[in-house]
Every structure is written in structure tokens, then in C-alpha cells.
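Peer 1: For the sequence shown, the positions run 83 to 452 when my numbering is used. Glycine included, C-beta positions come from ideal geometry on N, C-alpha and C. Can you keep this structure in mind? I'll have questions shortly.
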Amino acid sequence: MRARNLAVVLATIHRSGPHTRAELAERTGLTKTTVSSLVADLIEAGAVSESGAVQKGERGRPGMAVSLSGHRVAALGLEINIDYLAACVVDLTRTVRLRRTRPADNRNSDPAAILEGLRVLAKEITAEAEAAGLRVIGAALAVPGTVEGGMLRSAPHLGWRDVRVDGLVELPVTIDNEANLAALGELWFGSRESDFLYVSGEIGIGAGLVVDGAVFRGTFGLAGELGHVVVVPDGPACRCGGRGCLEVYAGQDTLLGELGSVGELVTRLESGDPGAARTCERAGHALGVALTSAVHLLDPGRIVLGGIYAPLYRWLEGPVSDGLGARLAQMRGTPPALVVSRTGPDAAVLGAAGSVIQSVIADPAQLLGL
83 MRARNLAVVL ATIHRSGPHT RAELAERTGL TKTTVSSLVA DLIEAGAVSE SGAVQKGERG
143 RPGMAVSLSG HRVAALGLEI NIDYLAACVV DLTRTVRLRR TRPADNRNSD PAAILEGLRV
203 LAKEITAEAE AAGLRVIGAA LAVPGTVEGG MLRSAPHLGW RDVRVDGLVE LPVTIDNEAN
263 LAALGELWFG SRESDFLYVS GEIGIGAGLV VDGAVFRGTF GLAGELGHVV VVPDGPACRC
323 GGRGCLEVYA GQDTLLGELG SVGELVTRLE SGDPGAARTC ERAGHALGVA LTSAVHLLDP
383 GRIVLGGIYA PLYRWLEGPV SDGLGARLAQ MRGTPPALVV SRTGPDAAVL GAAGSVIQSV
443 IADPAQLLGL
């Protein structure tokens, strides 16, 4: 019961705080004595702090405002991408305290070697966070593949199958698909809308559907494989064994071609390079076709383009919007709003850290060992 009441109080502060202890008692239905005891526990755990006298009404002594504290509790977000390793530390107020990215070629790689590199990065950033007075209480890892039972089942672009990440750091670690965590990163750190379809443009193309503030994962956790929606039935072969998949037309490898980075492509687009413009137009058209199917099936009110699509948004927005509008005009009139991600390439690693913070908000008793 005490663990449940701690969660009720902290969730109330998180959702609509800061509040005085008297206000918390009124909002939660708990007694003032109970609330005072719970707040004391949360202060001890480093989850909340009291500051600033707040006068409510004309009578009585002013109360102290209880708010989330970003000074002691933090979470570690990790990401294995095709081209880099990333880590970030986020405090309980979801303020990003530290962020690190290391370029790496992880295609068809040795899992042990890549995980060792990530372990070193995690150790370094955790030590830096602890030196700043933060207690890192858990970690989550974003991976470009399917996850089941805490195991990375398949990551074709990495060349990995059935890889466990046990012992990655000396913390509890969860693992999830990159697109799902990127969608949550956008939810918590970006748009903060509670319903949208997030499209993660990388070498593979994933999507995360956020409904009422939660990711829809499907029966086996495989929802969102947008990259393998067929856009041209007799198109080129795809690595999945099919033909004409979206990934063939709008994946990172196709967009970049012989270029070394997205930055180089942006430079060419800004200079008016016709070849680069045609590449983005083809990709945008294919993305519009695939998203039309997604809209028919899922009916999202907003579509967020993230990953490499964020820096390319200026050149993709037109063809994607045209494709959606032309195909949806007779069915539903106005297509869903198309917007660019506010979290850019950091969405997945932020979502990873944010998922740990969310678990603390839901169960702060873990901070007290209850």
C-alpha cells in the first residue's frame, strides 16, 4: 500500500505539480499526515524537493512547493545504430544532463566487440554523471532490430541474431526497438502530443504508433515495420526477400548513394544539385505511398518524420504531402498533419533514458528499496 501511495503522490506532482502538501492531500484523497510522510520519503530518495513558500488564500501559513527534483536521480539511455554508438544521461525532470555520440561502422559486426565499445562509453558517461552528484538508477538500450524477452532477436543491418546484452553495465538494463523508443523520445522530449505516428528514417525504416501516450507494439512486438510496406509491386529486390519495399526507395543507403553523410546530401540540396533533388523527390513519393497505407490502417492525426528525414524534411515535405493528399482526398478529405521531429537523431537514445524515468515515476518505491 505504501508503494502504491508513493506512486500516486509522485505521479500527481509529475502530471500537474508543483503542489503544496495540503494540495497533494486534496488531489490524491490521502490524509495530510500520510502525504507528509510520503513526501519525506520521496525527498530522502532524491525524487522531489521543497522550495519557495506558496501563499494560498488570505489565511494560514504559506506552504512549501513540492516539485520533481533533477539533482539526484538520473537514467542512462544507450543506442546502437548502424553508424554510431550513443549514450545520454537524463535526470528525473527529463532534463538532458550529458550526451555522447561515437561514430562507428557497425554493419555485419561482431556483437561482442560492439557491446564492449558501448560498455566503455556507458561506464565513462555514468562516472561523469556520478561525479556531478547524480545517482544513475537504470539503463535502457535502443537497437535497430526486433526484440523479444529482453533479447535482440534479429538486426539484419548489424548482422546480429539472438544477442543478449546481460552485464552491459552494472545497472538494470532493458532493451527495445529503436523506432519504438524514438517514438517515446518524441513524445516525452519533442512534440509532447499523445497521439501520432512517428517515422524513423535510418538504413531501415521503422515506425512507432503512439496512442494515448503509449506505444502500440502489436501481438509479438513487431508493429511498425514500415520499411517493408510494398510501394512498387514489381520493384527492385529487398533484403527481406520481397520486392519494391519502401526501404529500397527511401532508406538511408538509397538517399546517400555514394555520399558519406546526410550532411553532404543536405549541402548538395542547398546548392540546388538536381540529382540530389531527384533522389529526395523519389524517396518522398515512395514514403507518401507507404504512409497512405498506414493512414488507411491506423488513422493517425499527426505524422512525425524523424531520423535522417528530419534534416531532409524541407525537401521531403512536398512530395510526401502531395502523395498523401492525392491518395486520401476522396477517402477522408484532409490528410493528417505532417511535421518534423523536434528530437532529430537523438530521439531513440532520449526515449531509452526516458523509459527508465517513466518506470521510476510509476514505481518510486524502487528508489527506497521497498
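Assign E284 to buried or exposed, taking buried as 16 or more other Cβ atoms, counted over all protein chains shown, within 10 Å of its Cβ.
Peer 2: Here the question's residue 284 lines up with position 202 in the sequence shown. Per the 10 Å Cβ criterion, buried.
Peer 1: Give a yes or no on contact between the region 353-360 and the region 380-389, applying the rule of three or more CB pairs nearer than 8 Å.
Peer 2: As far as the Cβ criterion goes, the region 353-360 does not touch the region 380-389, which means the pair count is below three.
Peer 1: Out of L269, P446, L338, which one is the CA nearest neighbour of I385?
Peer 2: By one-based count along the sequence shown, residue 385 stands at place 303. When each option's Cα is compared against that of I385, the closest is L269.
Peer 1: Exposed or buried, F302, counting other C-beta atoms within 10 Å across all chains shown (16 or more means buried)?
Peer 2: In the sequence shown, counting from the first residue as 1, residue 302 sits at position 220. By the neighbour-count rule (16 or more Cβ atoms within 10 Å), F302 is not buried but exposed.
Peer 1: Does the separation of the CB atoms of H232 and I257 fall below 7 Å?
Peer 2: Translated into positions along the sequence shown, residue 232 becomes position 150. Translated into positions along the sequence shown, residue 257 becomes position 175. A quick correction: the sequence has Gly, not His, at residue 232. Yes, Cβ-Cβ distance for G232 and I257 is below 7 Å.
Peer 1: Could you compute how far the alpha carbon of G288 sits from the alpha carbon of L304?
Peer 2: Here residue 288 is taken as the residue at index 206 of the sequence shown, counted from 1. Here residue 304 is taken as the residue at index 222 of the sequence shown, counted from 1. If you take the alpha carbons of G288 and L304, they lie about 10 Å apart.
Peer 1: According to DSSP, G288 sits in a beta bridge with which residue or residues?
Peer 2: Working through the sequence shown from its first residue, we reach residue 288 at position 206. Answer by DSSP bridge pairing, in chain order: S282.
Peer 1: Using 8 Å for Cβ pairs, my map puts G326 next to D316. What's the rounded Cβ distance?
Peer 2: Translated into the one-based positions of the sequence shown, residue 326 becomes position 244. Translated into the one-based positions of the sequence shown, residue 316 becomes position 234. Between D316 and G326 the Cβ distance is about 6 Å, and since that is below 8 Å, they are a contact.
Peer 1: Between which two residues does the alpha helix (DSSP H) carrying A305 extend?
Peer 2: As a first step, residue 305 is located in the sequence shown; it is residue number 223 there, counting from the start. Element bounds for A305: n/a, residue is neither H nor E.
Peer 1: Determine, using beta carbons only, whether E161 and M146 come nearer to each other than 7 Å.
Peer 2: Within the sequence shown, residue 161 is the residue found at index 79, counting from 1. Within the sequence shown, residue 146 is the residue found at index 64, counting from 1. No, the pair does not count as a contact, with Cβ atoms beyond the cut-off.
Peer 1: Counting Cβ pairs, one atom from each stretch, are 3 or more of them under 8 Å apart for the region 401-409 and the region 364-374?
Peer 2: Yes, they touch.
Peer 1: According to DSSP, is L106 part of a helix, a strand, or is it coil?
Peer 2: On the sequence shown, residue 106 is found 24 positions in, with the first residue counted as 1. Three-state result, L106: helix.
Peer 1: Can you have a look at H378 and say buried or exposed, based on whether 16 or more other CB atoms are within 10 angstroms of its CB?
Peer 2: Along the sequence shown, one-based indexing puts residue 378 at 296. Classification of H378: exposed, given that the 10 Å Cβ count is below 16.
Peer 1: May I have the straight-line CA-CA distance separating T336 from A264, to the nearest angstrom?
Peer 2: Within the sequence shown, the letter at position 254 stands for residue 336. Within the sequence shown, the letter at position 182 stands for residue 264. Distance between the alpha carbons of T336 and A264 is about 22 Å.
Peer 1: The alpha helix (DSSP H) with E198 in it runs from where to where?
Peer 2: The residue you call residue 198 lines up with position 116 of the sequence shown. Per DSSP, E198 belongs to the alpha helix (DSSP H) from 193-213.
Peer 1: Got a sec, what are the start and stop residues for the beta strand (DSSP E) P185 sits in?
Peer 2: Taking the first residue of the sequence shown as position 1, residue 185 is located at position 103. First-last of the beta strand (DSSP E) with P185: 178-185.
Peer 1: According to DSSP, which residues form a beta bridge with D173?
Peer 2: On the sequence shown, position 91 is the one that residue 173 refers to. Paired residues: A156.
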